[in-house]
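*Asks:*
Residue numbers (the UniProt record's numbering): 1 to 397.
In structure tokens:
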């Protein structure tokens, strides 16, 4: 059976991560994603990252999969006209420029909807299309900061840390993808096309749980707590005998009694200091001391076997090397092997989520040549070979 988005066409305008990762998600589930890039320059992500292989970026192999590349100069009137033709042929337009940029090029949603009323027009930006901050430049770091996400990470009395990945960009892409799917469902149910307004700030703030309500009603401001889940105990990371970190979470009465037995101290399960959820929350330091001492007596593998085997939540804190070597990630097709024209055989993140009847797939490797599919795509629009040559001579493609 065909992939769920097969037969849909998406035109991707923009670069770097939040918008393009949205395009990757669409392509993974079958959409024909046409990525529009500046001729001869391309997306900056083509050369992103410190680590190189064959003198090229590794990230591009993942981000650009399942996409066709069209080189098109959007600063030229003829390039804008061709972009509008592409949008007229599409189900989805995806852009992640600063608000107002697409309108400046005559490619805003109002004009494109006039020609294609069913078009889903997805916009991914730092701060969104409305509000006093809409015109600010926005990277993931800024969105994570102003949303409050950075503040509640890390340790007390230390500078708010970065997560180690571009979390805000990825969250914004997931949010935009969700919005596109909802708009497509609405269209199937009789609605016309619409604008999907996704932002890094929105996506990060959506993870804030009840923090602002807590402030409104009680004046309490959540603070960073390090690896511990405060007042929900035990739930922390513990260092094993072989110096590795392991998460152990038994923050439920039944799980705590089970863990106490696994540690060879069943009496702790009924100890009034630990017997209930609230009591354990009052004695977190002592609990961590007890569990930490037990962890130090065992290797990470032993802890994994003992605690998971006993029905208590436990997981080692993996590095990329650990992930790569654990067969679980291949059993789940979270890691899959595919071919790349620059890097050869590569093991990359698979498609998620897993659908039982219409799963996504990696059908096409990343295009390393900017505009590799320009001729084919323009031919689909009825642009002749002679016209394409003239466009190339004029610097449009």
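All residues carry an ideal CB built from backbone N, CA and C; glycine is no exception.
1) Just to confirm my understanding: we take residue 133, look at its own chain, exclude 5 residues before and 5 after, and list those with CB closer than 7 Å. What are they?
2) In the structure shown, what three-state DSSP assignment does residue 217 receive?
3) For a minimum of 4 consecutive residues, which ranges assigned as the alpha helix (DSSP H) are wholly contained in the region 278-316?
4) Just to confirm the assignment: which complete beta strand (DSSP E) runs, minimum length 3, are found wholly within the region 208-267?
5) Runs of 4 residues minimum, wholly inside the region 97-173: which ones carry the alpha helix (DSSP H) assignment?
6) Using 9 Å as the threshold, is the C-beta distance between residue 315 and residue 326 below it?
7) To the nearest angstrom, how far is it from the Cα of residue 190 to the Cα of residue 89?
8) Between 384, 340, 389, which lies nearest to residue 65 when the distance is taken from Cα to Cα?
9) For residue 10, which three-state DSSP category applies?
10) Starting from residue 77, trace the alpha helix (DSSP H) in both directions and tell me its first and last residue.
11) Cα separation between residue 81 and residue 130?
12) Pull the bridge partners of residue 399 from the DSSP assignment, please.
13) Beta carbon of residue 142, beta carbon of residue 200: below 9 Å?
14) Tell me whether the beta-carbon of residue 28 lies closer than 9 Å to the beta-carbon of residue 360.
15) Thinking residue 372 and residue 125 are a contact (beta carbons under 8 Å), I'd like their distance in whole angstroms, please.
16) Assign residue 398 to one of three DSSP states: helix, strand, or coil.
17) Below 8 Å, can you find three or more Cβ-Cβ pairs linking the region 176-194 to the region 210-224?
18) What does residue 347 pair with, by DSSP beta-bridge criteria?
19) I'd like to know whether the C-beta atoms of residue 165 and residue 236 end up nearer to each other than 9 Å.
20) Could you pull the DSSP bridge partners for residue 197 from this structure?
21) Who are the near neighbours of residue 173 in its chain, counting only those whose CB is closer than 6 Å to its CB and skipping five residues on each side?
22) Are the C-beta of residue 121 and some C-beta of chain B separated by less than 9 Å?
23) Closest to residue 155 by C-alpha separation, out of 222, 294, 215, would be which residue?
24) Mind checking residue 280: buried by the 16 CB within 10 Å criterion, or exposed?
25) For the beta strand (DSSP E) that contains residue 67, what are its first and last residues?
26) Tell me which residues share the same chain as residue 79 and place their Cβ nearer than 6 Å to its Cβ, disregarding the 5 neighbours each side in the sequence.
27) Does the distance from the CB of residue 269 to the CB of residue 258 come in under 9 Å?
28) Which residues share a DSSP beta bridge with residue 92?
29) List the endpoints of the continuous alpha helix (DSSP H) containing residue 376.
30) With a 10 Å radius around its C-beta and 16 neighbouring C-beta atoms as the bar for buried, classify residue 30 as buried or exposed.
31) Please confirm whether residue 86 and residue 377 have their CB atoms less than 9 Å apart.
32) So, helix, strand or coil for residue 393, using DSSP?
33) For the candidate residues 285, 266, 331, whose alpha-carbon lies nearest to that of residue 225?
*Replies:* Checking against the coordinates, here is how it stands:
1) For the purposes of this step, residue 133 is taken as residue 133 along the chain shown, with counting starting at 1. Excluding positions up to five away in sequence, the list reads 127.
2) Locating residue 217 in the chain shown gives position 217, where the first residue counts as 1. Correct three-state label for residue 217: helix.
3) 284-295, 300-303
4) 235-239, 245-249
5) 101-104, 109-115, 140-146
6) For the purposes of this step, residue 315 is taken as the residue at position 315 of the chain shown. For the purposes of this step, residue 326 is taken as the residue at position 326 of the chain shown. Taking 9 Å as the Cβ cut-off, residue 315 and residue 326 do not qualify as a contacting pair.
7) In the chain shown, the residue the question calls residue 190 occupies position 190. In the chain shown, the residue the question calls residue 89 occupies position 89. Between residue 190 and residue 89, the C-alpha separation is close to 19 Å.
8) Counting from one through the chain shown, the residue named residue 65 turns up at place 65. Here the closest residue by C-alpha is 340.
9) What you label residue 10 is simply residue 10 of the chain shown in a count that begins at 1. Correct three-state label for residue 10: strand.
10) As a working note, residue 77 is residue 77 in the chain shown. Annotation for residue 77: the continuous alpha helix (DSSP H) segment containing it runs 77-88.
11) If you number the chain shown from 1, residue 81 lands on position 81. If you number the chain shown from 1, residue 130 lands on position 130. Straight-line Cα distance between these residues: approximately 27 Å.
12) A query on residue 399 cannot be resolved here, the shown segment of the chain reaching from 1 to 397 and no further.
13) Residue 142 sits at position 142 when you count from the first residue of the chain shown. Residue 200 sits at position 200 when you count from the first residue of the chain shown. Yes, Cβ-Cβ distance for residue 142 and residue 200 is below 9 Å.
14) Reading the chain shown from its first residue, position 28 is the one you call residue 28. Reading the chain shown from its first residue, position 360 is the one you call residue 360. For residue 28 and residue 360, yes; Cβs fall inside 9 Å.
15) Within the chain shown, residue 372 is the residue found at index 372, counting from 1. Within the chain shown, residue 125 is the residue found at index 125, counting from 1. The pair is not a contact, with the Cβ atoms about 28 Å apart (cut-off 8 Å).
16) Absent from the structure is residue 398, since the part of the chain shown begins at 1 and ends at 397.
17) no
18) The count along the chain shown starts at 1 and reaches residue 347 at position 347. Beta-bridge pairing links residue 347 to 337.
19) For the purposes of this step, residue 165 is taken as the residue at position 165 of the chain shown. For the purposes of this step, residue 236 is taken as the residue at position 236 of the chain shown. No. Outside cutoff.
20) Taking the chain shown and counting its residues from 1, one reaches residue 197 at position 197. DSSP output for residue 197 lists 123 as bridge partner(s).
21) Here residue 173 is taken as the residue at index 173 of the chain shown, counted from 1. Cβ neighbours of residue 173 beyond the five flanking positions: 18, 21, 22.
22) Absent here is chain B; the protein component of the structure consists of one chain.
23) Taking the first residue of the chain shown as 1, we reach residue 155 at position 155. Nearest option by C-alpha distance: 222.
24) Position 280 of the chain shown, counting from 1, holds the residue named residue 280. By the neighbour-count criterion, in which a residue is buried when 16 or more other Cβ atoms sit within 10 angstroms of its Cβ, residue 280 is buried.
25) The count along the chain shown starts at 1 and reaches residue 67 at position 67. Counting along the chain, the beta strand (DSSP E) containing residue 67 begins and ends at 67-71.
26) Counted from its first residue, the chain shown places residue 79 at position 79. Closer than 6 Å at Cβ, skipping near neighbours: 72, 73, 396.
27) To locate residue 269, count along the chain shown from 1; it is residue 269. To locate residue 258, count along the chain shown from 1; it is residue 258. Result yes, Cβ atoms of residue 269 and residue 258 sit closer than 9 Å.
28) Locating residue 92 in the chain shown gives position 92, where the first residue counts as 1. 10, 120.
29) For the purposes of this step, residue 376 is identified with residue 376 of the chain shown, where counting begins at 1. Residue 376 -> alpha helix (DSSP H) spans 374-380.
30) The residue given as residue 30 occupies position 30 in the chain shown. Residue 30 is buried by the Cβ-count criterion.
31) To locate residue 86, count along the chain shown from 1; it is residue 86. To locate residue 377, count along the chain shown from 1; it is residue 377. In this structure, residue 377 lies closer than 9 Å to residue 86 by Cβ.
32) On the chain shown, position 393 is the one that residue 393 refers to. Correct three-state label for residue 393: helix.
33) Here residue 225 refers to the residue found at position 225 of the chain shown. Distances from the alpha-carbon of residue 225 to those of 285, 266, 331 put 285 closest.
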